[in-house]
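Those letters in the sequence shown? Residues 0 to 415, per numbering that gives the first Met the number 0, in order. We put the CB at the ideal spot given by N, CA and C, even for glycine. Source: prediction; values computed, not measured.
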Amino acid sequence: MLKVMQIDFVRSVLESKLKSFASGEQFFNDTDIKLFSFYEQLTQDNEVNRYVELYNDLVSQQNKMDLVGFGIVTTTDTPSITNLKKGFVSPFEWSCTIRCTLKNRDKMISTIYKIIEDYKGKKQDVAQLNNGKLVPVGTPTNRITLTVEDYDYIGEIISSPSTEIATILSDLQTNYGITNNATVVYVEYDGELQLYEYQTDTWVNISENNVPEHDSFEKLKLDLSFDDIKVDEPYTLNAEEYCTVTFGGTATLTTKSIRMGNDLTHVIFSKYKVKGSTDYTFPTNSYDLEPLEMPSGLNANTIPNQLRSNYFRTNTHTDSVAISIQYNFLLDLETPLIKQWFEYGRYGINNLNNGAIQLNSITPNIIYQIKELWASWGEINLYEYKGKIVEDIDVENTESDTMTLGVTIQVQGEND
Numbered sequence: 000m001l002k003v004m005q006i007d008f009v010r011s012v013l014e015s016k017l018k019s020f021a022s023g024e025q026f027f028n029d030t031d032i033k034l035f036s037f038y039e040q041l042t043q044d045n046e047v048n049r050y051v052e053l054y055n056d057l058v059s060q061q062n063k064m065d066l067v068g069f070g071i072v073t074t075t076d077t078p079s080i081t082n083l084k085k086g087f088v089s090p091f092e093w094s095c096t097i098r099c100t101l102k103n104r105d106k107m108i109s110t111i112y113k114i115i116e117d118y119k120g121k122k123q124d125v126a127q128l129n130n131g132k133l134v135p136v137g138t139p140t141n142r143i144t145l146t147v148e149d150y151d152y153i154g155e156i157i158s159s160p161s162t163e164i165a166t167i168l169s170d171l172q173t174n175y176g177i178t179n180n181a182t183v184v185y186v187e188y189d190g191e192l193q194l195y196e197y198q199t200d201t202w203v204n205i206s207e208n209n210v211p212e213h214d215s216f217e218k219l220k221l222d223l224s225f226d227d228i229k230v231d232e233p234y235t236l237n238a239e240e241y242c243t244v245t246f247g248g249t250a251t252l253t254t255k256s257i258r259m260g261n262d263l264t265h266v267i268f269s270k271y272k273v274k275g276s277t278d279y280t281f282p283t284n285s286y287d288l289e290p291l292e293m294p295s296g297l298n299a300n301t302i303p304n305q306l307r308s309n310y311f312r313t314n315t316h317t318d319s320v321a322i323s324i325q326y327n328f329l330l331d332l333e334t335p336l337i338k339q340w341f342e343y344g345r346y347g348i349n350n351l352n353n354g355a356i357q358l359n360s361i362t363p364n365i366i367y368q369i370k371e372l373w374a375s376w377g378e379i380n381l382y383e384y385k386g387k388i389v390e391d392i393d394v395e396n397t398e399s400d401t402m403t404l405g406v407t408i409q410v411q412g413e414n415d
């Protein structure tokens, strides 16, 4: 059950990212910018009296405290809640407005773009403590690299924290190839969210003064998408030029058990082999791809029959099933496999060397080895399968003029 408004989750996630920026870098951090949640929904042109009063009050405080920026995070419409008995799903729109001086505008824009860069295409795990405090935590592999980083949540500890943390990190490396770069990690222990730091060959509990005091917590997930940045016309106040920088987008807040598309953190393709009179096995060369869409389906070959003993009601018998997974990718020609599929699907270029298969060859009978890595709240699931491209390779042009490439993979074994 939520203890705060949905918009507080957005604010906490944005604050967490600001906190990760080191002072003196090319970005502002949490010592430069303060964000506040505004529970009422904004109407057109910010026509909410308390919003105007709050904004004016923050402006006054900003001038007194000499901060770079004060920001207000709010929803732009009433959040909805999906009508389900189990689980919680709430999609909503949000907006963040930050006031800064004109001389800080460009650095503020760079900071916001850095936030967008780090969060787009990802979801964020957020712990809601029983006292209502929110603690965003990281997810291993929820980034381009297969790594555990500082402040990632890695799982539940039963009895011996230091030993079990080391075991979890070792298992991640052994079972999934996930490298540990972290010296500070979150775990669940005795029903609480705790923070441990690696000190002198052991993991030490540093939750005091780092995690608000609590007795229990709930696990939720927040998925953010972004609109672009808007900068209002500068104005002069007390001989200083100011402007407001606004960004926002949509968000979806769910409980831990609800699977989200961005729980799929990596889709890794590699060419495996081509079966023939002499099998050709490809050299190991994998490609980490990011699908825009990934629907799937199971089709059964079902034979109906009627039995007199069953009063001629139809019985069925299934003698085979076909599983297909569809992927839709942005046509990014810097990814060699995407480029090969594009040239093959549009022009029939197969890169055979005098009829012989080589690493960059594409043929209809290539068997691919595919790995899907799903990660959420310290739970890692790796699904590996082999499959072939069936049906068409679709190359399409979107309304925004970017091109996409779609493939349908039929799941199968090593046979041709």
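- In the DSSP assignment, Leu236 falls within the unbroken beta strand (DSSP E) covering 234 to 236.
- For Ala321, same chain residues with a beta-carbon under 7 Å away, outside a window of 5 residues either side, are Asn298, Gln409 in chain order.
- Take Asp117, set aside five residues on each side of it, and the residues of its chain with a beta-carbon closer than 8 Å to its own are Lys16, in chain order.
- Considered as a whole, the stretch 258 to 300 harbours 263 to 273, 285 to 288, 290 to 292 as its complete beta strand (DSSP E) runs of no fewer than 3 residues, in chain order.
- The DSSP-derived three-state label of Gly23 is coil.
- Across the structure, Thr96 and Ile80 are spaced so that their CA atoms are roughly 25 Å apart.
- Straight across, the Cα-Cα distance linking Ile177 with Tyr150 is about 15 Å.
- Beta-bridge analysis with DSSP links Ile114 to no other residue.
- A contact between stretches requires three or more CB pairs, one per stretch, nearer than 8 Å, and the stretch 184 to 193 meets this requirement with the stretch 215 to 229.
- Residue pairing by DSSP puts Trp93 in a beta bridge opposite Thr74, Gly248.
- The residue among Tyr38, Leu101, Asp105 with its C-alpha nearest the C-alpha of Thr73 is Tyr38.
- In this chain, Pro160 is not harboured by any beta strand (DSSP E); it is covered by the alpha helix (DSSP H) spanning 160 to 175.
- Taking all protein chains shown into account, Met107 has 16 or more neighbouring C-beta atoms within 10 Å of its C-beta and is therefore buried.
- One thing to note: Gly354 has its Cβ no nearer than 8 Å to the Cβ of Ser323.
- When only Cα atoms are considered, Ala374 and Pro139 end up about 7 Å apart.
- In the three-state reduction of the DSSP assignment, Asp7 falls in the helix class, which pools H, G and I.
- Classified as buried, Glu148 has 16 or more neighbouring CB atoms from the shown chains inside 10 Å of its CB.
- For Tyr343, the enclosing alpha helix (DSSP H) begins and ends at 335 to 346.
- The beta carbons of Tyr343 and Pro290 sit about 19 Å from each other, so the pair does not count as a contact at 8 Å.
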